[in-house]
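Colleague: In our numbering, the protein residues as written are 99 to 440. Heads up, the beta-carbon is just placed ideally off N, CA and C, and yes, glycines get one too. In this text the structure is predicted, and so the values were computed from the model without any measurement. Got a structure for you, written out below as structure tokens; questions coming shortly.
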């Protein structure tokens with residue numbers, strides 16, 4: 099039976115275990131230039147030392163206006179590549195594979211003077227009203243996704259994740275709750291996402307997997323549910339997605355900040371159903387911080403990889419502790435071996 103410390107392979111990506119550090123914004127860029135700094139280096143490399151199989155670098159934006167805040171990472175310039183390459187190389191030295199989440203915040207860009215969206219609907223009364231994108235501007239965003247992914251590959255990442263969840267730009271297009279357009283991008287809600295997928299695949303090596311993070315369910319009146327997310331995920335798979343990272347919420351409060359995200363493993367059923375319906379590998383996420391629980395998700399074949407967010411924020415060595423708890427073999431840093439069981 100497979101378990102949390104069984105190696106995993108998808109196309110050219112081989113990870114030593116099933117533990118993923120999911121992308122979590124640090125809001126720690128110091129000069130508002132989108133360039134990673136020493137905080138980001140220590141933050142990610144410590145989790146590699148701590149045993150994570152796959153580390154996905156936080157939401158990294160395709161243009162300055164696409165950031166949630168001015169303190170987010172970016173890949174709209176070649177000047178941003180070296181700092182990320184330094185992080186990737188160091189994580190590799192400690193046995194972790196590295197991905198990066200490429201994104202645009204859309205109407206949830208808080209610090210930009212004029213946010214953009216498929217339709218001119220603000221996120222809430224505290225957010226600016228976004229400008230409705232023209233078709234030409236939409237095509238520009240597709241191109242910027244492609245260019246950002248090209249820079250990520252130059253930085254040496256092993257896998258790309260496209261952010262189609264949590265109420266950001268791709269999610270806004272795929273939801274009838276936020277997309278009120280009457281043109282081709284309103285008639286086919288998955289069109290923008292599919293165009294982004296096809297564009298970035300042209301930049302990626304053939305054996306490099308493409309992950310897409312989706313919100314499988316919206317927790318707002320008039321939002322979509324699992325049936326709709328299975329439908330658009332099928333289209334995304336056909337366009338080139340190799341694995342889905344299953345989250346929820348974003349058009350209202352992200353579920354982790356309120357009901358129903360108050361119990362452990364609350365999103366695992368969503369991951370399980372999409373995995374089954376599409377016959378596609380998935381990453382499960384959402385209060386999976388207990389090693390026995392995370393291990394059960396893999397052993398019960400509900401997901402292929404397990405993302406541990408808050409648990410890994412609290413403890414960079416979560417993966418090493420999990421191996422000890424589960425009595426599974428893993429590689430401990432030589433300097434730390436004395437503190438772990440043989």
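How many angstroms separate the CA atom of residue 318 from the CA atom of residue 184?
Modeller: Here residue 318 refers to the residue found at position 220 when the chain shown is read from its first residue. Here residue 184 refers to the residue found at position 86 when the chain shown is read from its first residue. Near 41 angstroms, if we compare the C-alpha coordinates of residue 184 and residue 318.
Colleague: Suppose only complete runs of 3+ residues qualify. What are the beta strand (DSSP E) ranges in the segment 241 to 321, listed by chain order?
Modeller: Runs of the beta strand (DSSP E) inside the segment 241 to 321: 257 to 262, 308 to 313.
Colleague: Can you tell which of 269, 258, 297 has the C-alpha that lies nearest to the C-alpha of residue 284?
Modeller: Translated into the one-based positions of the chain shown, residue 284 becomes position 186. For residue 284, the nearest C-alpha among the options comes from 269.
Colleague: Going by alpha carbons, who is nearest to residue 176 out of 186, 199, 163, 251?
Modeller: In the chain shown, the residue the question calls residue 176 occupies position 78. Of the candidates 186, 199, 163, 251, the one whose C-alpha sits nearest the C-alpha of residue 176 is 251.
Colleague: How would you call residue 436, buried or exposed, if buried means at least 16 neighbouring beta carbons within 10 angstroms?
Modeller: Taking the chain shown and counting its residues from 1, one reaches residue 436 at position 338. Looking at its Cβ environment, which holds fewer than 16 other Cβ atoms inside 10 Å, residue 436 is exposed.
Colleague: Should residue 413 be counted as a contact of the ligand GTP given a C-beta to heavy atom distance under 7 angstroms?
Modeller: Among the components of this structure there are no ligands whatsoever, and the ligand GTP is therefore not found.
Colleague: Helix, strand or coil: which one does DSSP assign to residue 167?
Modeller: Position 69 of the chain shown, counted from the first residue, corresponds to residue 167. Here residue 167 sits in coil by DSSP.
Colleague: In the DSSP assignment, what residue or residues form a beta bridge with residue 108?
Modeller: The residue given as residue 108 occupies position 10 in the chain shown. BP columns for residue 108 point to 111.
Colleague: Could I get the ranges of all uninterrupted alpha helix (DSSP H) runs contained in the segment 365 to 402, with 4 residues as the minimum, in chain order?
Modeller: Counting only runs of 4 or more, we get 366 to 376, 389 to 397.
Colleague: From 118, 104, 101, pick the residue whose C-alpha is nearest to that of residue 406; which is it?
Modeller: Here residue 406 is taken as the residue at index 308 of the chain shown, counted from 1. Checked all of 118, 104, 101; the closest Cα to residue 406 is 118.
Colleague: Beta strand (DSSP E) containing residue 343: first to last residue?
Modeller: Here residue 343 refers to the residue found at position 245 when the chain shown is read from its first residue. It spans 341 to 345 - the beta strand (DSSP E) in which residue 343 sits, taken as one unbroken run.
Colleague: Could you round the C-beta distance between residue 275 and residue 291 to whole angstroms and report it? I think they count as a contact, below 8 angstroms.
Modeller: Position 177 of the chain shown, counted from the start, is the residue given in the question as residue 275. Position 193 of the chain shown, counted from the start, is the residue given in the question as residue 291. With a Cβ gap of about 15 angstroms, residue 275 and residue 291 do not count as contacting.
Colleague: Go through its chain and collect everything with a Cβ distance to residue 375's Cβ below 7 angstroms, but skip five positions before and after it.
Modeller: By one-based count along the chain shown, residue 375 stands at place 277. Answer for residue 375: 328, listed in chain order.
Colleague: Using 8 angstroms as the threshold, is the C-beta distance between residue 246 and residue 174 below it?
Modeller: Against the chain shown, residue 246 aligns to sequence position 148. Against the chain shown, residue 174 aligns to sequence position 76. Result yes, Cβ atoms of residue 246 and residue 174 sit closer than 8 angstroms.
Colleague: Tell me, please, whether the segment 137 to 152 touches the segment 219 to 235 by the rule of three or more beta-carbon pairs shorter than 8 angstroms.
Modeller: As far as the Cβ criterion goes, the segment 137 to 152 does not touch the segment 219 to 235, which means the pair count is below three.
Colleague: Please go through the same chain and pick out, in chain order, the residues whose beta-carbon is closer than 6 angstroms to the beta-carbon of residue 215, but skip the five residues on each side of it.
Modeller: By one-based count along the chain shown, residue 215 stands at place 117. Answer for residue 215: 204, 205, 228, 270, listed in chain order.
Colleague: Under DSSP, the alpha helix (DSSP H) around residue 333 begins and ends at which residues?
Modeller: In the chain shown, counting from the first residue as 1, residue 333 sits at position 235. Its alpha helix (DSSP H) spans residues 324 to 337.
Colleague: Quick check on the burial criterion: 16 or more other C-beta atoms within 10 angstroms. Buried or exposed for residue 289?
Modeller: For the purposes of this step, residue 289 is identified with residue 191 of the chain shown, where counting begins at 1. With 16 or more other Cβ atoms within 10 Å, it is buried.
Colleague: From which residue to which residue does the alpha helix (DSSP H) around residue 410 run?
Modeller: In the chain shown, residue 410 corresponds to position 312, counting from 1. That run of the alpha helix (DSSP H) goes 408 to 412.
Colleague: Between which two residues does the beta strand (DSSP E) carrying residue 124 extend?
Modeller: Against the chain shown, residue 124 aligns to sequence position 26. Run containing residue 124: none; DSSP gives neither H nor E here.
Colleague: Tell me whether residue 365 is buried or exposed, calling it buried when 16 or more other Cβ atoms sit within 10 Å of its Cβ.
Modeller: Start at 1 with the first residue of the chain shown, and residue 365 comes out as number 267. Buried, since its Cβ has 16 or more Cβ neighbours within 10 Å.
Colleague: Kindly list the residues whose CB is nearer than 7 angstroms to the CB of residue 156, restricted to its own chain and excluding five residues on each side of it in sequence; keep chain order.
Modeller: The residue you call residue 156 lines up with position 58 of the chain shown. Closer than 7 angstroms at Cβ, skipping near neighbours: 121, 122, 123, 124, 171, 199.
Colleague: Put residue 200 into one of helix, strand or coil per three-state DSSP.
Modeller: The sequence position of residue 200 within the chain shown is 102, counting from 1. Three-state result, residue 200: strand.
Colleague: Take residue 416 and list the residues in its own chain whose beta-carbon comes closer than 7 angstroms to its own, dropping the five residues that flank it on each side.
Modeller: Against the chain shown, residue 416 aligns to sequence position 318. Within the same chain, residue 416 has close Cβ partners 148, 406, 409, 410.
Colleague: Confirm, please, whether the CB-CB distance from residue 116 to residue 164 is below 8 angstroms.
Modeller: Against the chain shown, residue 164 aligns to sequence position 66. Against the chain shown, residue 116 aligns to sequence position 18. No. Outside cutoff.
Colleague: Let me confirm a value: residue 178 is counted as buried when at least 16 other C-beta atoms fall within 10 Å, else exposed. Which label applies?
Modeller: Along the chain shown, read from residue 1 onward, the residue named residue 178 stands at position 80. Label assigned to residue 178: buried.
Colleague: Please name the residue or residues paired with residue 172 in a DSSP beta bridge.
Modeller: As a first step, residue 172 must be located in the chain shown, where it is residue number 74. According to DSSP, residue 172 bridges with 159.
Colleague: Provide the residue(s) that pair with residue 154 in DSSP beta bridges, ordered along the chain.
Modeller: The sequence position of residue 154 within the chain shown is 56, counting from 1. Per DSSP, 197.
Colleague: Given a threshold of 16 other Cβ atoms within 10 Å of its Cβ, counted over all protein chains shown, does residue 195 qualify as buried or as exposed?
Modeller: Looking up residue 195 in the chain shown gives position 97. Residue 195 is buried by the Cβ-count criterion.
Colleague: Using DSSP bridges, identify the partner residues of residue 229.
Modeller: The residue you call residue 229 lines up with position 131 of the chain shown. Residue 229 is bridged to 214.
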